[in-house]
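For the record, the sequence lines run as chains A and B.
The first sequence begins at 248 in my numbering and counts up by one.
The second sequence begins at 21 in my numbering and counts up by one.
Ideal Cβ placement from N, Cα and C applies to all residues, glycine included.
A short worksheet on the structure shown next.
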Amino acid sequence: MRFSFVFSEMGIAIKRNLSMVISVILVTFISLTFVGTAGLLQQQISSMKTYWYDKAQVAVYLCTKTSPQDICPQGEASKDVQNTVKERLESTTLAPYIDKYYFENHQQAYKTFQKEFKDNAVAKYVTPAQLNETFWINLKDSNQAPIIIESFNGLSGIEEVKDQRTYLDQIFSMLNIASLAAISIAGLMLFSAVLLISTTIRLSAVMRRREIGIMRLVGASNFYIQLPFILEGVVAGVIGSLLAGGAIFAIVQFFVQGFLAESLPFTSFVGIPDALALLPGLVLVGAGLAAVAAASSIRRYLRV
Amino acid sequence: MISISQVTKAYRGAPRAALDEISLEIDKGEFVFLVGASGSGKSSLMRMILREDLPTSGSIHVLGENLVGIPNRRVPHFRRKLGVVFQDFRLLPNKTAAQNVAFSLEVIGKSAGFITEAVPEVLRLVGLEDKANSLPSELSGGEQQRIALARAIVNKPAILLADEPTGNLDPATSEGIMALLDRINLAGTTIVMATHDRGIVDRGRKRVVELSQGKIIRDERSSGYGLER
């Protein structure tokens, strides 16, 4: 096996077929950029999930005067209701699940509301009495919210028991859809990359049919004949995946860390280490796909 | 060396078989002319010996290999023991004479040391050591065929197949090629040469196998091209 020869043959093949090779590089580049971005988005979603789910509370909203009649027929929740809730939260059945809880009365709720909706017109019309008195509960394990909801549902004087994760889930499902969309686009692009690679390799084989004919005649092994073509595909695939890696680094560095992290300072975002961890996988996918596509197309073209 | 027994080759859609129950034995060191009209089956037979094609029925043994049963992956190794030249030379236009010869050694994985020794030697043998760095386009037809011959024999094959090697050459140049083939044959290489060149066959006084419509109609030692048909 003479590698120098194989590599020089590959170099000649790439030079002759340059425009096709460049198009393979570009398609691989773009499709793997989508793959990598989708991967990072998934990581981001899962890290945000752990972060926000831990912060998510279960809210037990007590009835107010303005609560709907069918849920709160007796109007404003009495002190008794407050006490019942407190007792239950501290009972041996629920206490083990609860990290901590606190009670927010009308005035406190009004204050929080005014702060959060400072620039919103609605802040002017809301009165303290309209806002629910609320027990805010932090769970040891946010997955156990249903236990709390279950034990307060149907208790009179309670308007609603709400797991805040349900709000988060909507956001995460939107992010999930975005990453799924990126993955589907990536899949389509990768498929076209595979087709493009097989076409490129076959074109390259046609351009070098004299050489191939002579190689077969003098008894070059199939492996030796095919290797330069497969390497041609692999080199294009690897260059494309390295470019994709570069693009992902740029996205992480300039968009995620440079822009998102600055504008949302309390959220942890994916960083360069995450992108670095992704790179070997991208190169492997790029090189592997190219090798398989090139090998199968050259094998179909070259029979003994 | 070459043993062909009851070989029939029928191509799909063809009205008659290209080879029709042919049997032929060729011994080590022989020089055999294959003659016959176009379409008589000469090329089909050459392709069978080179294992470029398989017979529809019958058996072919070349250099101890059963070509019908040989697995595909061993075909390249088998072909290394054969040399081939064609009417159209089949040189690579962008490589020099020496590079063309070296190419055939590089692709079978010979060492650089072997190649630097073997290439000038074989170019000397075909009388073109001074044209080593010329491109095929700078060489005459006869010179190109000599390079093709050099390429075919540089790996010291036991058998040389020549398919109309003088078909594109003028008579004087053809004589030169024939003299070269004779020398190669004298050095021990078995040669099977398909040709239309009456003069060459008549002057050669060698074994002549004549094909017609896929059958062997004559197989004579020290013979000529035969009657005008």
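Rounded separation between B:E195 and B:A168 - CA only: Along the second sequence, one-based indexing puts residue 195 of chain B at 175. Along the second sequence, one-based indexing puts residue 168 of chain B at 148. For B:E195 and B:A168, the distance between alpha carbons rounds to 16 Å.
If contacts are defined as beta-carbon pairs under 8 Å, then A:I272 and A:A483 qualify, I think. What distance do you get, rounded to the angstrom? What you label residue 272 of chain A is simply residue 25 of the first sequence in a count that begins at 1. What you label residue 483 of chain A is simply residue 236 of the first sequence in a count that begins at 1. Contact holds; Cβ gap of about 5 Å.
Reference B:D202, options B:I24, B:E41, B:P191, B:R225, closest by Cα: Here residue 202 of chain B corresponds to residue number 182 of the second sequence, with the count starting at 1. Looking at the Cα atoms, B:R225 is the closest of the given residues.
Contact between the region 419 to 439 of chain A and the region 277 to 287 of chain A: three or more CB pairs below 8 Å? yes
Say whether chain B places a C-beta atom closer than 8 Å to the C-beta of A:Y471. Here residue 471 of chain A refers to the residue found at position 224 when the first sequence is read from its first residue. Cβ-Cβ to chain B under 8 Å: yes for A:Y471.
Taking Cβ-Cβ distances below 9 Å as the criterion, which residues of the region 90 to 101 of chain B are in contact with chain A? N92, R93, V95, P96, H97, F98, R99, R100, K101
Name, please, each residue of chain C whose Cβ falls closer than 8 Å to the Cβ of A:G258. Note that chain C does not occur in the displayed structure, where the protein chains are A and B.
When you compare only the Cα positions, how much space is there between A:I384 and A:P520? Locating residue 384 of chain A in the first sequence gives position 137, counting from the first residue. Locating residue 520 of chain A in the first sequence gives position 273, counting from the first residue. Using only the alpha carbons, I get a separation of about 35 Å.
Could you tell me which uninterrupted alpha helix (DSSP H) segments, each at least 4 residues in length, are contained entirely in the region 124 to 152 of chain B, listed from first to last along the chain? 132 to 145
Taking the beta strand (DSSP E) that B:A182 falls in, what are its first and last residues? Here the question's residue 182 of chain B lines up with position 162 in the second sequence. Note, B:A182: beta strand (DSSP E), 179 to 183.
Are the region 461 to 469 of chain A and the region 98 to 115 of chain B in contact at 8 Å, needing three or more beta carbon pairs? yes
What is the DSSP secondary structure of A:S338, reduced to helix, strand or coil? The residue labelled residue 338 of chain A in the question sits at position 91 within the first sequence. In this structure, A:S338 counts as coil in the three-state DSSP scheme.
Step through the CB atoms of chain B and report whether any lies within less than 8 Å of the CB of A:E458. Start at 1 with the first residue of the first sequence, and residue 458 of chain A comes out as number 211. Cβ-Cβ to chain B under 8 Å: yes for A:E458.
Roughly how far, in whole angstroms, is the beta-carbon of B:R171 from the beta-carbon of B:V121, given that I think they are within contact range, below 8 Å? Here residue 171 of chain B corresponds to residue number 151 of the second sequence, with the count starting at 1. Here residue 121 of chain B corresponds to residue number 101 of the second sequence, with the count starting at 1. About 5 Å separates the two Cβ atoms, so the contact holds.
Mind checking which residues open and close the beta strand (DSSP E) that includes A:F350? Within the first sequence, numbered from 1, the residue matching residue 350 of chain A stands at position 103. Counting along the chain, the beta strand (DSSP E) containing A:F350 begins and ends at 345 to 351.
Are the beta-carbon atoms belonging to B:A132 and B:D183 less than 8 Å from one another? Indexing the second sequence from 1 puts residue 132 of chain B at position 112. Indexing the second sequence from 1 puts residue 183 of chain B at position 163. Contact: no.
Please confirm whether B:F51 has its beta-carbon closer than 8 Å to some beta-carbon of chain A. In the second sequence, counting from the first residue as 1, residue 51 of chain B sits at position 31. No, no contact with chain A.
For A:E458, the three-state DSSP class (helix, strand or coil): Within the first sequence, residue 458 of chain A is the residue found at index 211, counting from 1. In this structure, A:E458 counts as helix in the three-state DSSP scheme.
Between the region 257 to 284 of chain A and chain B, which residues of the former have CB atoms less than 8 Å from a CB of the latter, in chain order? none
What does B:F134 touch in chain A if you count any residue whose Cβ is under 7 Å from its own? Numbered from 1 along the second sequence, position 114 holds the residue referred to as residue 134 of chain B. Ordered by position in chain A, no residue passes the 7 Å Cβ test against B:F134, which lies about 11 Å from the chain.
Are A:D346 and A:K387 closer than 8 Å when you measure CB to CB? Translated into the one-based positions of the first sequence, residue 346 of chain A becomes position 99. Translated into the one-based positions of the first sequence, residue 387 of chain A becomes position 140. It is a contact, given that the beta carbons lie within the stated cut-off.
Beta strand (DSSP E) segment containing B:R238, residue limits: Translated into the one-based positions of the second sequence, residue 238 of chain B becomes position 218. It spans 235 to 243 - the beta strand (DSSP E) in which B:R238 sits, taken as one unbroken run.
Please classify A:N264 as buried or exposed, where buried requires at least 16 other C-beta atoms within 10 Å of its C-beta. Start at 1 with the first residue of the first sequence, and residue 264 of chain A comes out as number 17. Buried.
For A:L478, decide whether its Cβ has a neighbour in chain B, counting only Cβ atoms nearer than 8 Å. Mapped onto the first sequence, residue 478 of chain A falls at position 231. For A:L478, the answer is no, since every Cβ of chain B falls outside 8 Å of its Cβ.
If you follow the beta strand (DSSP E) that A:T381 is part of, which residue opens it and which one closes it? Taking the first residue of the first sequence as 1, we reach residue 381 of chain A at position 134. From DSSP, the beta strand (DSSP E) with A:T381 extends over 381 to 386.
Closest residue to B:I204 among B:P35, B:G234, B:E50 (Cα-Cα distance): Against the second sequence, residue 204 of chain B aligns to sequence position 184. The shortest C-alpha separation from B:I204 is found at B:E50.
B:R227 - containing beta strand (DSSP E), residue span: Within the second sequence, residue 227 of chain B is the residue found at index 207, counting from 1. Where B:R227 is concerned, the enclosing beta strand (DSSP E) stretches over 226 to 232.
Which chain A residues sit within Cβ distance under 9 Å of B:V104? As a working note, residue 104 of chain B is residue 84 in the second sequence. What B:V104 touches in chain A: L464, V465.
8 Å CB neighbourhood of A:Y349 in its chain, flanking five on each side removed: Position 102 of the first sequence, counting from 1, holds the residue named residue 349 of chain A. So the qualifying residues of the chain are F382, W383.
Can you tell me whether A:L511 is buried or exposed, with buried defined as 16 or more other CB within 10 angstroms of its CB? The count along the first sequence starts at 1 and reaches residue 511 of chain A at position 264. With fewer than 16 other Cβ atoms within 10 Å, it is exposed.
According to DSSP, is A:Q304 part of a helix, a strand, or is it coil? Start at 1 with the first residue of the first sequence, and residue 304 of chain A comes out as number 57. A:Q304: coil per DSSP, three-state reduction.
Check the DSSP bridge columns for B:V27 and list the partner residues they point to. As a working note, residue 27 of chain B is residue 7 in the second sequence. B:I42, per the DSSP bridge assignment.
Need the endpoints of the beta strand (DSSP E) that A:E407 sits in, please. By 1-based counting over the first sequence, the position of residue 407 of chain A is 160. Here the beta strand (DSSP E) through A:E407 covers 405 to 410.
With 8 Å set as the bound, which would you pick, yes or no: does the beta-carbon of B:S232 sit closer than that to a beta-carbon of chain A? The residue labelled residue 232 of chain B in the question sits at position 212 within the second sequence. With 8 Å as the cut-off, B:S232 does not count as an interface residue toward chain A.
N-terminal and C-terminal residue of the alpha helix (DSSP H) that B:L155 is part of: Locating residue 155 of chain B in the second sequence gives position 135, counting from the first residue. Note, B:L155: premise wrong, no alpha helix (DSSP H); not H, not E.
For B:S60, which residues in chain A fall below 8 Å Cβ to Cβ? Indexing the second sequence from 1 puts residue 60 of chain B at position 40. Residues of chain A passing the Cβ test: none, with the nearest at roughly 23 Å.
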